[in-house]
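Chemist:
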Amino acid sequence: MMHIVKRSPYESSALSNALNYIVQGDIMLLTEDGIYAAKKGGKYESLLKNLIQKNAVYCLLADIKARGIQDGEIIENVKIIDYKGFVEKAIEHNPMTWA
Amino acid sequence: MMHIVKRSPYESSALSNALNYIVQGDIMLLTEDGIYAAKKGGKYESLLKNLIQKNAVYCLLADIKARGIQDGEIIENVKIIDYKGFVEKAIEHNPMTWA
Amino acid sequence: MKFGVLIKDGPYTHQAMDSAYNFILAALESGHEIQGVFFYNEGVCNTCGTMEPPRDERNIKNLLLGLNEKGIRLIVCVAAGKRRGLVSQTVSCAGEISGLGQLLELCIESDRMITF
Amino acid sequence: MKFGVLIKDGPYTHQAMDSAYNFILAALESGHEIQGVFFYNEGVCNTCGTMEPPRDERNIKNLLLGLNEKGIRLIVCVAAGKRRGLVSQTVSCAGEISGLGQLLELCIESDRMITF
Amino acid sequence: MGEQEKTSVMFVCRTAPYGTIFEQEAIEAMVMFGAYEQDISVAFVDDGVLALKKGQDPSLLGKKNFSMTYMILKDDFEISHIYVEKESLVERGMSESDLITEVEILDRNALRQKMNEMKAFLPF
Amino acid sequence: MGEQEKTSVMFVCRTAPYGTIFEQEAIEAMVMFGAYEQDISVAFVDDGVLALKKGQDPSLLGKKNFSMTYMILKDDFEISHIYVEKESLVERGMSESDLITEVEILDRNALRQKMNEMKAFLPF
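Protein chains in written order, with the numbering used here: chain A, 187 to 285; chain B, 187 to 285; chain C, 129 to 244; chain D, 129 to 244; chain E, 158 to 281; chain F, 158 to 281.
1) Please name the residues in the segment 265–284 of chain B whose beta-carbon is closer than 9 Å to at least one beta-carbon of chain F, in chain order.
2) Please state if the CB of E259 (chain B) and the CB of I225 (chain B) are separated by a distance shorter than 8 Å.
3) Where DSSP assigns a beta bridge to T283 (chain B), which residues make up the other side?
4) If we count the other Cβ atoms within 10 Å of its Cβ and call it buried at 16 or more, is S220 (chain C) buried or exposed?
5) What residue range does the alpha helix (DSSP H) around I286 (chain B) cover?
6) Alpha carbon to alpha carbon, how far is A223 (chain A) from E231 (chain A)?
7) If you pair each beta-carbon of the segment 238–248 of chain A with each one of the segment 230–249 of chain E, do three or more pairs fall below 8 Å?
8) Who are the near neighbours of M275 (chain F) in its chain, counting only those whose CB is closer than 6 Å to its CB and skipping five residues on each side?
9) For A248 (chain A), which residues in the same chain have their Cβ closer than 8 Å to its Cβ, ignoring the five residues on either side in sequence?
10) Cutting at 6 Å between CB atoms, please list the residues of its own chain near S224 (chain F), excluding the five before and the five after it.
11) Checking contacts by CB at 8 Å: is G159 (chain F) closer than that to chain D?
12) Per DSSP, what kind of secondary structure is Y175 (chain E) in: helix, strand or coil?
13) In angstroms, rounded to a whole number, what distance separates the CA positions of F166 (chain D) and D239 (chain C)?
14) For a quick check, are the C-beta atoms of S147 (chain C) and T217 (chain B) less than 8 Å apart?
15) Can you name the residues that DSSP bridges to R240 (chain D)?
16) Write down every uninterrupted run of the alpha helix (DSSP H) in the segment 151–181 of chain D whose length is 4 residues or greater and which is fully enclosed by it, in chain order.
17) Under 7 Å between beta-carbons, which chain F residues line up against G229 (chain C)? List them in chain order, please.
18) For E197 (chain B), return the contacting residues in chain A, with the cut-off set at a CB-CB distance below 8 Å.
19) I'd like to check one pair, Y140 (chain C) with I184 (chain E): are the Cβ atoms closer than 8 Å?
20) Measuring alpha carbon to alpha carbon, tell me which residue in C:A155, C:C173, C:E157 and C:E161 is nearest A144 (chain C).
21) Count the other CB atoms, across all protein chains shown, that sit within 10 Å of the CB of Q270 (chain E); report buried if there are 16 or more and exposed otherwise.
22) Starting from S198 (chain F), follow its DSSP beta bridges and name the residues at the other end.
23) On the DSSP bridge assignment, give the partners of I225 (chain D) in chain order.
24) By the criterion of Cβ-Cβ separation under 7 Å, what are the contact partners of T141 (chain D) in chain F?
25) Nearest-angstrom Cα distance between M158 (chain F) and C235 (chain C)?
26) Which residues of the segment 184–215 of chain C have a Cβ closer than 9 Å to any Cβ of chain E? Give them in chain order.
27) Could you tell me whether any non-hydrogen atom of the ligand FMN is closer than 7 Å to the CB of Y227 (chain F)?
28) Anything in chain C within Cβ reach of A277 (chain F), meaning under 7 Å, just list it in chain order.
29) So, for D264 (chain F): in the same chain, excluding its five sequence neighbours on each side, which residues have a beta-carbon less than 6 Å away from its beta-carbon?
30) For the alpha helix (DSSP H) containing V243 (chain A), name the first residue and the last one.
31) Check the C-beta distance from A252 (chain B) over to Y227 (chain E) and give it rounded, since I have them as a contact under 8 Å.
32) DSSP state of V219 (chain D), grouped into three classes?
33) Under 9 Å Cβ-Cβ, which residues of chain C neighbour L218 (chain E)?
34) Buried or exposed for L228 (chain D), please, with buried defined as at least 16 other CB atoms from any protein chain shown within 10 angstroms of its CB.
35) Can you find the residues in the same chain that come closer than 8 Å, C-beta to C-beta, to L218 (chain E), ignoring five residues on each side of it along the sequence?
36) The beta strand (DSSP E) with L215 (chain B) in it runs from where to where?
And the structure:
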């Protein structure tokens, strides 16, 4: 499964709800306001770092650029992809949107 | 001030954001999905009990009835009011909606 | 006491319009005035004139017509409305299209502003 | 690969329609098919034919017309639409009003369903 | 559908009732899907479990009580499974006896396993 | 307005930019309010502080960069005060140098004090 999180982790429980359902082999896509979870120095940094030990985490380029987040501000090993990458991941993994 | 919380505390940060701004003399109104914060046995019970030590907390009758919550399931000392009570409280205290 | 009301969410999807409606009725019953209701953000969609909800459900268009008949001004933000297709030919006859300045005037003229 | 797309949020207020649009363009560019786009909940409001956003902003009505010109079916749920005033006289010519069964058919006929 | 394989679709119901319309419009979809003889499951997780609470009475809000329809989903509309996530119930101080209809209560791991069998998710 | 007392209104900006339109439509209101010679404050708290981040470029989303307007709010549109809550910045790993314009950074207690002076709140 691909777990899609598009709400800010500071505002919504979507990220923590998605984490309840992520298992080995699953991936997570952070998009829209969900990308703030992947920002260095933020409240969710250690949580994301733990997640990356077990699951691949992707972040949508258009969304981080829109919000003024530079590539260097994204937590290491979170992979930055464009919409074509998003499409590829949605083929490889069945998507479920946690909002 | 009257701090109005209308989103579920399980889903939204509205309750915890409102708590950052409540001071002595302020009141809190739980309405719409915000009423779940006042349910006995739920995750927010001890948080609400602490809050009630210092601030009056109100819960809208129409919203608890809609959701099948009985009066007895509401945490002690949370006051249940109707829309007329809501209007009165909005006169006594300047309302701010935290969504 | 004069209340000003701001509505930010759309009809049916969120409870905001229903909560505001019940608040307004209670305020009127208690002898207070509603200086005006301003519809902003997705709230403008509450004033759509072509709603046809199922018959066994509340009809938000009719609820707003009822408020308007009581003399309450229902002000639809022109800019937020145009974005979402709420323009003179689609807004319910209860709604009055106007500018954002009306929101500030509501803040000035009301004793209390409340947001739903 | 055939994608089915479900859109639940309204235009401009949330990013859902924009994200879906960019996803759809990327899928087409990569040689995939879009079996259909189903508009439900507040998502039906994306198909409003009377939108007039500011000139310096994207026009979601035109974006949907563009998708429709590429042959993509844009299906507006009749029940969710009627509630919110999206009916035959207000839906953009890009949108096709139909029933909820079409959402299930989209699940059946698509290789992948994705919700925005 | 005869010999054709059925399509497995799971509604993932995650929101509280009445504050938003999502659970009501989800159930309207479930009812329509019943006629198509596919394999439709409904999973209540997170705030979605609150939609199943007994004793709902939204008349003071001027709203319709749609929760009665949950009781006839399986028999009248051929929904294959109604799953409820145990952890979400516990977190909200609820138990099986609070629920308006009979359901299959599963823990997260078990529900996650069911998800592997699904072709499509419809989150509400 | 001459001798009349000014009305104090505070925009309380609490949402991130681009995922929703709230901050953009809030700024459209701020700009219109400037002409009325009242006492308008803007407070950024919670995710609202993210709207002030430097370097926004929503062109890949096909959206307009509305953040530039924050820079001219005080001078061109006579907004009295732009407050930013310190704790919300810290929680998001941000500091004053991340912000697109000069603001008054206050802690929660100080910002709460300012709220006592307001006649009306407009939350976005």
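Just so you know, even glycine gets a beta-carbon here, dropped at the ideal spot from N, CA and C.
Modeler: Let's see:
1) If the cut-off is 9 Å between Cβ atoms, the segment 265–284 of chain B has N280, P281, M282, T283 and W284 near chain F.
2) What sits at residue 225 (chain B) in the sequence shown is Lys, not Ile. Against a cut-off of 8 Å, the Cβ pair of E259 (chain B) and K225 (chain B) comes out as a contact.
3) B:I190
4) Its Cβ being crowded by 16 or more others within 10 Å, S220 (chain C) is buried.
5) With chain B covering 187 to 285 only, the question about residue 286 (chain B) has no answer from this structure.
6) When rounded, the separation of the alpha-carbon atoms in A223 (chain A) and E231 (chain A) is 7 Å.
7) Short answer: they don't touch.
8) S165 and M167
9) D268 and Y269
10) Q213 and I257
11) The pLDDT assigned to G159 (chain F) is 49, lower than 50, so where the model puts this residue is not dependable; a value taken from the coordinates is nonetheless given after this. It does not: the Cβ of G159 (chain F) has no partner Cβ on chain D nearer than 8 Å.
12) coil
13) Looking at the two C-alpha atoms, the distance is approximately 45 Å.
14) yes
15) Paired residues: D:F131.
16) none
17) Correct list: M189 and Y193.
18) S198 and S199
19) It is not a contact, given that the beta carbons lie outside the stated cut-off.
20) C:C173
21) exposed
22) F:M167 and F:H238
23) For I225 (chain D), the beta-bridge partners assigned by DSSP are D:V204.
24) T177 and I178
25) For M158 (chain F), the pLDDT reaches just 45, beneath the cut-off of 50, and the residue's location in the model is therefore unreliable, leaving the point undetermined.
26) D184, E185, R186 and L191
27) No copy of the ligand FMN appears in this structure; indeed no ligand is present at all.
28) C235 and M241
29) Hits under 6 Å: K243.
30) It is not in any alpha helix (DSSP H) - V243 (chain A) instead sits in the beta strand (DSSP E) that spans A242 to L246.
31) With 8 Å as the limit, A252 (chain B) and Y227 (chain E) do not qualify as a contact, their Cβ atoms being about 16 Å apart.
32) strand
33) Q143, D146, S147, N150 and R186
34) buried
35) The residues are Y175.
36) Counting along the chain, the beta strand (DSSP E) containing L215 (chain B) begins and ends at I213 to L216.
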